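Top line first, the protein sequences correspond to chains A and B.
The first sequence runs 1 to 362 under my numbering.
The second sequence runs 1001 to 1362 under my numbering.
Worksheet: the structure to be examined is printed underneath.
There are 2 protein chains.
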Amino acid sequence: MSSSKKYFTCGPTELYPIVSDAIIKALDEKIPSISHRGKEFEKIFSLTVHELKKLMGIPDDFMIFFSSSGTECMERIIENIVENSSFHFVNGSFSERFFKTAIELKKNSKAHKVDFGKGFNFGEIVIPEETELICVTQNETSSGAAVPMKQISELKDKYPKKLIAIDVVTSAPYQKIDFGKIDIAFFSVQKGFGLPPGLGVTIIRESCIEKTIYLKELNNNIGTYNNFIDAALYYKKNQTTVTPNTLGIYLLGKIAQHLNSIGIEKIRFETEEKAKMLYDYFFTRKDMKIFVENPFDRSKTIVVIDCGEKQKQIKKHLADNNFIVSSGYGKFSETQIRIANFPMHSIEDTQKLISVLDEADF
Amino acid sequence: MSSSKKYFTCGPTELYPIVSDAIIKALDEKIPSISHRGKEFEKIFSLTVHELKKLMGIPDDFMIFFSSSGTECMERIIENIVENSSFHFVNGSFSERFFKTAIELKKNSKAHKVDFGKGFNFGEIVIPEETELICVTQNETSSGAAVPMKQISELKDKYPKKLIAIDVVTSAPYQKIDFGKIDIAFFSVQKGFGLPPGLGVTIIRESCIEKTIYLKELNNNIGTYNNFIDAALYYKKNQTTVTPNTLGIYLLGKIAQHLNSIGIEKIRFETEEKAKMLYDYFFTRKDMKIFVENPFDRSKTIVVIDCGEKQKQIKKHLADNNFIVSSGYGKFSETQIRIANFPMHSIEDTQKLISVLDEADF
């Protein structure tokens, strides 16, 4: 039975329409059977890196490491880049997860916390001297709050000697990243790239590896097979440290190639159009409320709506019309919905989702 | 262009024939888009665990944790089970990798090493008192040497208070495991299960988690999101700690179900028949030599052959006939071939591979 559901969930989400055909082609060519130490794999790896760099405007002096999830990216970044202390801007569950990762790895890390759904007054926050890595969750998937790239750039201007890592798990590839002002960015593919889950991507400035080498010389624990020194060595050979999710890497290349053929500017324009459609619509509803109060802090890709006690009813009405949205996160799981706005969500389907909501009062 | 290659490689390897259809069905049902926190996922997780437990005879008091690779399994096992010292039987590159993992995680671990391709005199080896975990690479993928289950059982009888972890990466599900005599086993799915790479599976006795809790209380580093305490909590809910390779978990369930429909006894019988065909054949060749000298130490699933300087020519002859085999590992990469003998490799194709070799002298 073929599914007629449309997933407007925050990830895993709707697959990009070309994914099915790309998987069938990969099966036909037996891509999942090839050795990750052979020429055929190296060609796939190289194409994926090339297309992704083109799509996201990633400079030549950045490398791309593949792992299994966005959460693994957090772990490996802290292990390989932080000796004693990272500093975290926390305004939701995923920024909290990044901070917690550092604490679990026994770092003496600090956080500036604001309420779920709020932005930060960057100008007023003093980052401690001892901070080695500043961690910013650029797009907070749990609350729908986003940090404008300009503010991240200003952080770098203010603290030029500190490294900056940004979580763009649910904003890539929409979010234009100024790679001159950050050192590490990471995402997973089951969000804006519309792929099956099981692949994390870390984009990292080559010079960051000097820090990992320093940590290794100090006999710090930098993890095992996925440490950044080995990952960098294999990256130069168009390979991974261990057998990876080959199919995932192959599909990421195909999607990036497809998005390049559309053009990233068009994707960004359409994402902003759809975000406007959604926010404008919810602004008119009396029985639902945009959660992130300050329009300046609102994510373009994750739209979070307070539904109060009608949440279940609203989700059901959407599901009855084949639109699947995410529940709120954590303590908001029964009162909020989260609607994703990724490149595979068409203007037409977004309009339909709005129309379905508009049919009913709750 | 459809590939007519047959992968007799050690993994990634030939996909099990039903995999393509199972993937197409999963795409049709939008399995890669579902939430890993929902009922639909829990049903998939539960079915996979049920079928795998049935197939491998895993007792109820063992849990199954999913990760991204066999190498990740090694890392998580050492992090979560070993305070100071593990003991490793090393006779090849993967047993060395397990040992190295412990050293990289700053454990004071020890190893008993024998030459590549040799077995162990278990009776003569004294395991140090301080050992917390004994690590045995039951099937050494790099050299084609295997440890009979009986010897592992005897280890447990001799050291009943020490935990035992076995690497069955390339012997599962063929290898019958006596779960009464071990505490942890792990594998990855791109070997004997004939699936695309990107999923590691750890089978662990529930009581092992007491050790992880103890380590946590000592403030040891037990890793972050994939620590065994959290993994156990989510396992009880038929969930994973983070967004997993959902498609991989789904496919593993489908394959295990399929193998159960054939019957594990038949699979074991056929594996042994095919291994006999291969070893008997290579015994007759004067220009190629079975690498593992003692028949008692020979793996049933990884057949390693010394080809000397003719290796390239032999590999090419096989490839020209659409049979892809692995090169030797490490320093044997240019002189050996490794032929896998997994459940998806039919008796007929194995016979054909032998016939193709038999056509030529080298």
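For glycine and all other residues, C-beta sits at the position ideal for the given N, C-alpha and C.
Note that the structure is a prediction, hence the values are computed from the model and not measured.
Using the beta-carbon of each residue, which ones in chain A are nearer than 7 Å to residue i?
| i | result |
| --- | --- |
| residue 1242 of chain B | 69, 71 |
| residue 1023 of chain B | 23, 27 |
| residue 1034 of chain B | 12 |
CB-CB under 7 Å to residue i, same chain, minus the five flanking residues each way: which ones, in chain order?
| i | result |
| --- | --- |
| residue 1013 of chain B | 1007, 1190, 1191, 1194, 1340, 1342 |
| residue 244 of chain A | 36, 66 |
| residue 1238 of chain B | 1042, 1045, 1046 |
| residue 1240 of chain B | 1036, 1066, 1234 |
| residue 1198 of chain B | 1068, 1245, 1248 |
Show which residues of chain B have a CB atom less than 7 Å away from the CB atom of residue i.
| i | result |
| --- | --- |
| residue 184 of chain A | Simply none; closest approach about 17 Å. |
| residue 248 of chain A | 1198 |
| residue 118 of chain A | Residues of chain B passing the Cβ test: none, with the nearest at roughly 25 Å. |
Return yes when at least one heavy atom of the ligand COA lies under 6 Å from the C-beta of residue i, else no.
| i | result |
| --- | --- |
| residue 1111 of chain B | Because no ligand of any kind appears in the structure shown, any question about the ligand COA cannot be addressed here. |
Going along chain D, which residues have a C-beta under 7 Å from residue i?
| i | result |
| --- | --- |
| residue 1221 of chain B | The displayed structure is made up of protein chains A and B, and chain D is not among them. |
Examine chain B for any beta-carbon lying closer than 7 Å to the beta-carbon of residue i, and answer yes or no.
| i | result |
| --- | --- |
| residue 3 of chain A | yes |
| residue 234 of chain A | no |
| residue 143 of chain A | no |
| residue 300 of chain A | no |
| residue 329 of chain A | no |
| residue 245 of chain A | yes |
| residue 224 of chain A | yes |
| residue 214 of chain A | no |
| residue 363 of chain A | Any answer about residue 363 of chain A is impossible in this case: the structure gives chain A only from 1 up to 362. |
| residue 30 of chain A | yes |
Starting from the C-beta of residue i, find all residues in its chain whose C-beta is less than 6 Å away, skip the five residues before and the five after it, and write them out in chain order.
| i | result |
| --- | --- |
| residue 56 of chain A | 173 |
| residue 153 of chain A | 178, 181 |
| residue 317 of chain A | 360 |
| residue 16 of chain A | 194, 255, 344 |
| residue 111 of chain A | 88, 90, 99 |
| residue 166 of chain A | 136, 138, 182, 185 |
| residue 1308 of chain B | 1335 |
At least one CB of chain A closer than 7 Å to the CB of residue i: is that the case?
| i | result |
| --- | --- |
| residue 1016 of chain B | no |
| residue 1084 of chain B | no |
| residue 1012 of chain B | yes |
| residue 1350 of chain B | no |
| residue 1153 of chain B | no |
| residue 1020 of chain B | yes |
Per DSSP, which residues does residue i bridge with? Please list them.
| i | result |
| --- | --- |
| residue 1306 of chain B | B/1289, B/1336 |
| residue 134 of chain A | A/87, A/164 |
| residue 1204 of chain B | B/1063, B/1184 |
| residue 417 of chain A | Residue 417 of chain A is absent from the model: chain A starts at 1 and stops at 362. |
| residue 1006 of chain B | B/1323 |
| residue 1258 of chain B | Beta-bridge pairing links residue 1258 of chain B to no other residue. |
| residue 1113 of chain B | B/1090 |
| residue 1140 of chain B | B/1145 |
Near residue i, which residues of its chain fall below 8 Å by C-beta distance, leaving aside the five closest residues on each side in sequence?
| i | result |
| --- | --- |
| residue 1257 of chain B | 1047, 1051 |
| residue 311 of chain A | 327, 328, 334, 335, 336, 337 |
| residue 1356 of chain B | 1317, 1318, 1321, 1323 |
| residue 1251 of chain B | 1019, 1022, 1023, 1026, 1189, 1195, 1196 |
| residue 943 of chain B | Past the boundaries of the shown model lies residue 943 of chain B; chain B is included only from 1001 to 1362, so the question cannot be answered. |
| residue 281 of chain A | 354, 357, 358 |
| residue 274 of chain A | 341, 345, 347, 350 |
Can you list the residues of chain B that residue i reaches, using a CB-CB cut of under 8 Å?
| i | result |
| --- | --- |
| residue 42 of chain A | Those do not exist, as residue 42 of chain A stays about 14 Å from chain B at its closest Cβ, beyond 8 Å. |
Which residues of chain B have a Cβ atom closer than 9 Å to the Cβ of residue i, listed in chain order?
| i | result |
| --- | --- |
| residue 93 of chain A | What residue 93 of chain A touches in chain B: nothing, since even the nearest Cβ is about 12 Å away. |
| residue 346 of chain A | Within 9 Å Cβ-Cβ: nothing; residue 346 of chain A doesn't reach chain B, min ~15 Å. |
| residue 9 of chain A | 1033, 1034, 1035 |
So which residues of chain A does residue i contact, with C-beta pairs closer than 9 Å?
| i | result |
| --- | --- |
| residue 1075 of chain B | 223, 224, 225, 226 |
Just by C-beta distance, which residues in the region 1180–1211 of chain B are closer than 8 Å to chain A? Considering only beta carbons, the part of the region 1180–1211 of chain B lying closer than 8 Å to chain A consists of 1188, 1190, 1195, 1196, 1197, 1198, 1199, in chain order.
The region 125–139 of chain A: positions lying closer than 7 Å to chain B by Cβ: Residues passing the 7 Å Cβ filter: none.
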